[in-house]
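Participant: My structure is below; once you've seen it, I'll send some questions.
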Amino acid sequence: MEVISINQADREANLNNEDLLVASCLAAAAQGDDTAYFDLGVAYSTGSHGVDTDLVEAHKWFNLAAVAGHDEAATCRAEISDEMTAREIAEAQRRAREWLSASTRRAA
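The numbers in my numbering rise by one with no breaks, and the one at position 81 of the sequence shown is 86.
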(Lines of atoms letter the chains of each structure in order from A; the text may use other names.)
(Lines give C-alpha, C1' and ligand atoms only; values in the text may rest on other atoms or scores of the structure.)
Protein backbone atom coordinates (compact mmCIF):
# COMPACT_ATOMS: atom_id res chain seq x y z
CA MET A 6 0.00 0.00 0.00
CA GLU A 7 1.31 3.43 -0.97
CA VAL A 8 1.35 6.06 1.75
CA ILE A 9 0.53 9.56 0.51
CA SER A 10 1.18 12.57 2.68
CA ILE A 11 -1.57 15.11 3.21
CA ASN A 12 0.46 17.74 1.36
CA GLN A 13 0.95 15.41 -1.61
CA ALA A 14 -2.77 14.61 -1.66
CA ASP A 15 -3.58 18.34 -1.55
CA ARG A 16 -1.18 19.03 -4.44
CA GLU A 17 -2.73 16.23 -6.51
CA ALA A 18 -6.24 17.53 -5.81
CA ASN A 19 -5.17 21.05 -6.83
CA LEU A 20 -3.66 19.72 -10.06
CA ASN A 21 -6.92 17.93 -10.86
CA ASN A 22 -8.87 21.13 -10.17
CA GLU A 23 -6.48 23.09 -12.41
CA ASP A 24 -6.90 20.53 -15.20
CA LEU A 25 -10.67 20.87 -14.85
CA LEU A 26 -10.43 24.66 -14.98
CA VAL A 27 -8.48 24.59 -18.26
CA ALA A 28 -10.81 21.94 -19.68
CA SER A 29 -13.88 23.98 -18.78
CA CYS A 30 -12.29 27.11 -20.31
CA LEU A 31 -11.55 25.18 -23.51
CA ALA A 32 -15.15 23.97 -23.65
CA ALA A 33 -16.45 27.51 -23.15
CA ALA A 34 -13.95 28.85 -25.71
CA ALA A 35 -15.32 26.37 -28.23
CA GLN A 36 -18.65 28.15 -27.74
CA GLY A 37 -17.04 31.56 -28.38
CA ASP A 38 -16.91 32.74 -24.75
CA ASP A 39 -14.62 35.79 -24.69
CA THR A 40 -13.96 35.43 -20.94
CA ALA A 41 -12.79 31.85 -21.49
CA TYR A 42 -10.45 33.08 -24.25
CA PHE A 43 -9.08 35.69 -21.87
CA ASP A 44 -8.70 33.22 -18.98
CA LEU A 45 -6.75 30.86 -21.25
CA GLY A 46 -4.52 33.76 -22.27
CA VAL A 47 -3.83 34.51 -18.62
CA ALA A 48 -3.11 30.85 -17.87
CA TYR A 49 -0.63 30.51 -20.74
CA SER A 50 1.02 33.88 -20.13
CA THR A 51 1.62 33.15 -16.44
CA GLY A 52 2.08 29.38 -16.53
CA SER A 53 -0.79 28.90 -14.11
CA HIS A 54 -3.64 26.40 -13.82
CA GLY A 55 -1.49 23.45 -14.77
CA VAL A 56 -0.18 24.73 -18.11
CA ASP A 57 3.35 25.73 -18.99
CA THR A 58 4.10 29.33 -19.91
CA ASP A 59 3.66 29.63 -23.68
CA LEU A 60 3.53 33.19 -25.02
CA VAL A 61 2.48 32.05 -28.50
CA GLU A 62 -0.59 30.30 -27.06
CA ALA A 63 -1.23 33.22 -24.70
CA HIS A 64 -1.12 35.68 -27.60
CA LYS A 65 -3.51 33.46 -29.57
CA TRP A 66 -6.07 33.41 -26.75
CA PHE A 67 -5.71 37.13 -25.98
CA ASN A 68 -6.13 37.85 -29.69
CA LEU A 69 -9.32 35.78 -29.86
CA ALA A 70 -10.63 37.50 -26.73
CA ALA A 71 -9.85 40.96 -28.15
CA VAL A 72 -11.60 40.16 -31.43
CA ALA A 73 -14.60 38.91 -29.43
CA GLY A 74 -14.74 42.22 -27.58
CA HIS A 75 -13.09 41.49 -24.22
CA ASP A 76 -12.02 44.82 -22.70
CA GLU A 77 -8.61 43.87 -21.25
CA ALA A 78 -7.45 41.38 -23.87
CA ALA A 79 -5.89 43.81 -26.35
CA THR A 80 -3.81 45.37 -23.58
CA CYS A 81 -2.56 41.98 -22.38
CA ARG A 82 -1.82 40.92 -25.96
CA ALA A 83 0.25 44.08 -26.48
CA GLU A 84 2.16 43.53 -23.22
CA ILE A 85 3.24 39.99 -24.07
CA SER A 86 4.01 41.00 -27.68
CA ASP A 87 6.90 43.05 -26.30
CA GLU A 88 8.49 39.77 -25.16
CA MET A 89 7.92 37.93 -28.46
CA THR A 90 9.68 37.79 -31.81
CA ALA A 91 7.89 38.72 -35.02
CA ARG A 92 7.92 35.04 -35.98
CA GLU A 93 6.24 34.05 -32.69
CA ILE A 94 3.56 36.71 -33.16
CA ALA A 95 2.92 35.50 -36.71
CA GLU A 96 2.58 31.93 -35.40
CA ALA A 97 0.13 33.08 -32.72
CA GLN A 98 -1.95 34.89 -35.33
CA ARG A 99 -1.92 31.79 -37.55
CA ARG A 100 -3.14 29.67 -34.63
CA ALA A 101 -5.92 32.18 -33.87
CA ARG A 102 -7.09 32.08 -37.50
CA GLU A 103 -6.95 28.29 -37.40
CA TRP A 104 -9.09 28.24 -34.22
CA LEU A 105 -11.65 30.58 -35.78
CA SER A 106 -11.76 28.55 -38.96
CA ALA A 107 -12.23 25.28 -37.07
CA SER A 108 -14.93 26.74 -34.83
CA THR A 109 -16.77 28.11 -37.87
CA ARG A 110 -16.72 24.64 -39.45
CA ARG A 111 -18.05 23.08 -36.23
CA ALA A 112 -20.90 25.59 -36.07
CA ALA A 113 -21.97 24.95 -39.67
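From the three backbone atoms N, C-alpha and C, an ideal C-beta is built for every residue, glycine too.
Taking the runs of the alpha helix (DSSP H) that are 4 residues or longer, which of them lie wholly in the stretch 28–98?
Facilitator: 39–51, 60–72, 78–86
Participant: Measuring straight from C-alpha to C-alpha, what distance separates GLY37 and ALA95?
Facilitator: 22 Å
Participant: Compute the Euclidean distance between the alpha carbons of TRP104 and GLY52, then round it to the nearest angstrom.
Facilitator: 21 Å
Participant: Do THR40 and HIS64 come within 8 Å of each other at the CB atom, strictly closer than that value?
Facilitator: no
Participant: Between GLN98 and VAL72, what straight-line distance do the alpha-carbon atoms span, to the nearest angstrom?
Facilitator: 12 Å
Participant: Write down the C-beta distance between VAL61 and ARG102 rounded to the nearest angstrom, noting that I regard them as a contact closer than 8 Å.
Facilitator: So it is not a contact: roughly 13 Å between Cβ atoms.
Participant: Could you tell me the alpha carbon to alpha carbon distance between MET89 and ALA83, rounded to whole angstroms?
Facilitator: Distance from the CA atom of MET89 to the CA atom of ALA83, rounded to whole angstroms, is 10 Å.
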